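Structure first, commentary second.
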Amino acid sequence: MTESEMTKPSLFDDYDEPALIPAPPIQLALFGDDTDIAPLVPNRRLWRPLQQPLSEKTVARFWRKVVKTPTCWWWRSAVSFPDGYGRFTFTDGNTPRTLSAHRFALLLAHGDLGDGIVGEHDCDETLCVRVDDGHLKLGTQSANLAHAVAMGRHIGPAPAGGDPRGRYGRAVAIRDALKNGYEPQLLAAALAGHTIPGNTAPTLF
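Just so you know, we're using UniProt numbering here: the sequence shown kicks off at 1 and counts up by one.
Below, the structure is given as structure tokens:
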């Protein structure tokens with residue numbers, strides 16, 4: 001399996017994006033009435049425990065795909081569409097398994113994750129895997145959803161701040177800016193939505 005294929009969600013993937021599930025409407029409404037708009041509620045997450053401890057080789061391979069900067073620690077490998085999260089595939093026992101990159105980082109920091117536990121990005125950067133204050137932390141689906149609503153991330157694939165590229169476009173631009181390591185000018189341009197000539201890269205590695 002190529003890494004580009006790994007970006008396509010499968011039935012075995014674990015997700016961190018708040019799942020927005022409309023609750024059943026209480027009653028029908030006339031045209032122009034908003035009483036039939038159901039509130040958004042979080043979907044419950046079930047966690048599949050690891051079959052065995054992570055190997056040093058797997059952990060080392062994960063960190064080779066990360067660029068640490070003074071702010072975020074950026075994932076620079078496979079990115080899933082349309083949510084813009086990093087994806088990491090590894091072997092769990094004898095089974096291939098794909099997790100969002102930031103969820104794998106939480107796994108390294110906190111051990112096996114329980115049901116209902118998600119990763120919250122206080123930095124609002126989907127590619128950040130830095131488990132630290134102001135960046136990535138453990139949370140619940142309801143708290144993650146509340147944060148997403150507060151930051152305007154609950155409608156469509158738009159990142160906080162209303163980046164016109166959307167979360168996926170922003171994530172790919174950041175990843176591509178880091179393809180040769182941390183270059184402050186390139187990263188700043190990617191964060192700001194600017195393109196530097198000569199810094200183009202394939203959409204997927």
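Even glycine gets a Cβ: it sits at the ideal position worked out from N, Cα and C. This structure is a prediction, so every number in the text was calculated from the model and none was measured.
Check                                                                                                           : Outcome
Three-state secondary structure (DSSP) of E56                                                                   : helix
Reference W75; option with closest CA among R165, T126 and F81                                                  : T126
Residue environment, H194, which counts as buried when at least 16 other CB atoms sit within 10 Å               : exposed
8 Å contact criterion, which A105 and R87 should meet: CB distance rounded                                      : Incorrect: roughly 13 Å between the Cβ atoms, too far for contact.
Spatial neighbours of L191 in its chain, beta-carbon cut-off 6 Å, leaving aside the 5 residues before and after : none
Unbroken alpha helix (DSSP H) run spanning F104, endpoints                                                      : A101 to H110
Under the three-state DSSP convention, the category G166 falls into                                             : helix
For V172, the three-state DSSP class (helix, strand or coil)                                                    : helix
Start and end residues, beta strand (DSSP E) containing residue 208                                             : The requested residue 208 does not occur in the structure, where the chain is confined to residues 1 to 205.
Simplified DSSP assignment, three categories, for residue 206                                                   : Because the chain is modelled from 1 through 205, residue 206 falls outside the range shown and cannot be assessed.
Whole-Å CB distance - T89 paired with T98, under 8 Å assumed                                                    : 4 Å
Cβ neighbours of F62 in the same chain (closer than 7 Å, five flanking residues each side left out)             : F88 and F104
Contact under 8 Å by Cβ, V79 with R175                                                                          : yes
Euclidean distance between Cα positions of G166 and L50                                                         : 33 Å
Beta-carbon proximity of Q52 to G93, cut-off 8 Å                                                                : yes
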